[in-house]
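Residue numbers -11 to 122, in the working numbering, belong to the letters of the sequence shown in order. Even for Gly, the Cβ is constructed at its ideal location relative to N, Cα and C. Comments concern the structure below.
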Amino acid sequence: MRILLLLIVLGFPLVDLYATIRFARWTGVPVWGWLLMSFIAGAYLLRNERMAFRANTIAAMHGEQPLLRGLLDSGRKVLAGVLFMLPGVVSDLIALILLALPLNLGREFGPRTVPAGQYGGPGKAIDGEFRRME
């Protein structure tokens, strides 16, 4: 069982690079072009997800959204970013499939509006000092 797992872990990058070389030869784009484009896409996805994860965690702590949904969505995007950064077309296809999965069916896709005068939710006020100047 360990040998089979070792063969899969070591064999996947080799098969992936072979498929990338064949795909690059078929399309006429250099191999380094495919690898560079996918690496940039993965780094961009990871950078954006790092900022979104913070916002989702804070929203979950305030009770605005479920914690598990944010963690699942962030984990899926981080895994897709890592797969984009791995060299190969097969790992890029797996990352695209992972990003296309409809795991966020309960979340609205439009911008969320906050009523005027409210900060963080209903019933919460911002404390401060008030002094009338005439």
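With a beta-carbon spacing of about 20 Å, residue 75 and residue -6 fall beyond the 8 Å limit used to define contacts.
Between residue 86 and residue 67 a beta carbon distance of about 6 Å is seen, short of the 8 Å cut, so the two are scored as contacting. Residue 71 is not a Cβ neighbour of residue 88, given a cutoff of 7 Å. DSSP, reduced to helix, strand and coil, places residue 119 outside both helices and strands of the structure shown, so it counts as coil.
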